[in-house]
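Everything on this sheet refers to the single structure shown next.
Residue numbers (our numbering), protein chains in the order written: chain A, 123 to 502; chain B, 8 to 251.
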């Protein structure tokens, strides 16, 4: 614009002003924006402004073959892609009445829990960075890379591993892989006390996260909150236990809860979930050698695979909360309609808008990271 | 929209005959190539491989590459992955705020040709139609090593004077603007005065102004006080500009 066209922008004579928080902001988790109205530095109103990552996944899936969609779904949530693959595969299996071999089910559980560990380590990093503790971010990302190395050796991909397909998994694991899983779990468990000292019991973090963005149990239920954010309000709801899928009913694990429901409690629940996930992985490693057999059921020619007409809703527990796929088939070779019930849509839009009110500007980023919202999954 | 080939310019300005000037040019280019501040703008999924590349394991900072949080401080704009049309507006806005010389790296297949989302109505398929891209790092998504290798390649290109996409933006601004108008509508405008900057850098050429810049000047409106996003009284109704 030409300089002569510049003119002074007048503000209304009030202490209230508006600020664009994102999409290009280090305190925002990904490409996502929040418009906040401030009085001084206290947020008076907040409104989520999504759509920066919109690609129309649900529509794109209607134009692709059943098997092609496996490559599309992990992109919906980048830090935690495995639950997407598993949940979609489970939906297709439910439509076709397909049996999944037992070994494949154990392998899927192993994948899901490794993915949860990676996602939680990544979230700590982001959360710590918003409070200025960059060392935690460096450690978290570096430790997450150990898990990604396992994935890379197992499936060939670091982040997106198109591994869980309808009917089972693509292939069995490489020789000696379980030892490496055990070693990595030992390593990550040995790091947990360091994280406690560095981050979770750090007075800076505790002071900032205590009473930040509090949410009580009734609000959480009204807003459709699931996952660690719900468990941080004291309700032990977990899809793995309350609606068991795969072989979770044969696995022993606890569901950690915290009462206060603030940012500190949400982070603490994730910290305890890390320990539980390591515990689950150890059980899988113990059990897996005795579970032999094939890892996939033979599926028809994928290029002309007509899934029987019907509809289904399958759900799994992802690291963000309950993830569901509502899939409708009209008997064709492509889905008729797919709807993804992403947990982050609730967390990042309505919950964030409500919790940000009354917080100070510097705490908005912390609230968002403690909710662990995943912007690509909000926009889909 | 007429197609113009992207000419690779001779690295040394021929009008500068003093040999000492060339020495300084080379020194300046070397220094630029060894202090690359990249903008912390993660447009898509490729951004998830940037933290590993930046932190302990691969450690980009040992090469002099550091994330920066504001466009005014940054030299490199990383476009990591798919760019939706709504994001592309903000990307162009960010790019025009950056000081020259500035470089653009397109990461992931989506910036090259739309990648997996070639069918999608919301994705801008080919980034170099709207911004000059100095380097593409293909892959879905490229590993941290690939990102580092791309950065090294960009260093070499800056040092040898080949990375001059920013000059291309000034020289062929009308073409880029035409593509942007094609996507965003005829009333698309940014607060930056690109034509004025082009003449400041002595890069105004016949391609700088044309039919599209004339259209821009016709449609250009002065900056107005921002429409409020919240209604007075606390109701969260949006007024003003509509978003895609």
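Note that the Cβ used here is the ideal one computed from N, Cα and C, for glycine as well.
- The shortest C-alpha to C-alpha distance from residue 169 of chain A to any of A:184, A:178, A:143 and A:151 is the one to A:143.
- The three-state reading of DSSP puts residue 212 of chain B in coil, since its state is none of H, G, I, E or B.
- Residue contact check for residue 153 of chain A against chain B: a CB pair falls below 8 Å.
- Between the region 431-443 of chain A and the region 219-229 of chain A there are fewer than three C-beta pairs closer than 8 Å, too few to call the two in contact.
- Taking 8 Å as the CB threshold, residue 259 of chain A lines the interface with chain B.
- According to the DSSP assignment, residue 142 of chain A belongs to the beta strand (DSSP E) that extends over 138-143.
- Flagged as an interface residue toward chain B: residue 281 of chain A, by a C-beta distance shorter than 8 Å.
- When DSSP states are grouped into helix, strand and coil, residue 480 of chain A belongs to the coil group.
- Taking 9 Å as the cut-off between beta carbons, the residues of the region 166-188 of chain A near chain B are 166, 167, 168, 169, 171, 173, 174, 175, 176, 177, 178, 179, 181, 182, 185 and 186, in sequence order.
- Interface criterion not met: the Cβ of residue 192 of chain B is under 8 Å from no Cβ in chain A.
- Residues of chain B with a Cβ closer than 7 Å to the Cβ of residue 267 of chain A are, in chain order, 59 and 64.
- None of the residues of the region 419-442 of chain A has a beta carbon lying less than 9 Å from any beta carbon of chain B.
- Around residue 148 of chain A, the beta-carbon contacts reaching into chain B at under 9 Å are 47, 74 and 76.
- For the C-beta of residue 201 of chain A, the chain B residues within less than 8 Å are, from N- to C-terminus, 55.
- Assigned with DSSP and collapsed to three states, residue 451 of chain A falls in strand.
- In terms of Cα proximity to residue 181 of chain B, the closest of B:127, B:136 and B:95 is B:136.
- When C-beta distances to chain A are compared with 8 Å, the residues of the region 116-134 of chain B below that value are 123, 124, 126, 127, 128, 129 and 130, in chain order.
- According to the DSSP assignment, residue 92 of chain B belongs to the alpha helix (DSSP H) that extends over 92-104.
- At least 8 Å separates the CB of residue 220 of chain B from every CB of chain A.
- Identification of chain A residues near residue 177 of chain B by a Cβ-Cβ cut-off of 9 Å yields none; the smallest Cβ-Cβ distance measures about 16 Å.
- Of all C-beta pairs linking the region 447-465 of chain A to the region 475-492 of chain A, fewer than three are shorter than 8 Å, placing the two stretches out of contact.
- As computed with DSSP, residue 291 of chain A is found in a beta bridge with A:286.
- For residue 197 of chain A, the closest Cβ of chain B is nearer than 8 Å.
- When Cβ-Cβ separations below 8 Å define contact, residue 354 of chain A makes no contact with chain B.
- Interface annotation, residue 51 of chain B: in contact with chain A, CB-CB separation under 8 Å.
- When 9 Å is used as the limit between beta carbons, residue 474 of chain A is near no residue of chain B, the shortest such separation being about 13 Å.
- Residue environment: residue 228 of chain B is assigned as exposed (fewer than 16 neighbouring CB atoms within 10 Å of its CB, all protein chains considered).
- Listed as beta-bridge partners of residue 407 of chain A by DSSP are no residues whatsoever.
- It is roughly 28 Å from the alpha-carbon of residue 461 of chain A to the alpha-carbon of residue 243 of chain A.
- Around residue 264 of chain A, the beta-carbon contacts reaching into chain B at under 7 Å are 62, 63 and 64.
- DSSP, reduced to helix, strand and coil, places residue 136 of chain B within a helical segment of the structure shown.
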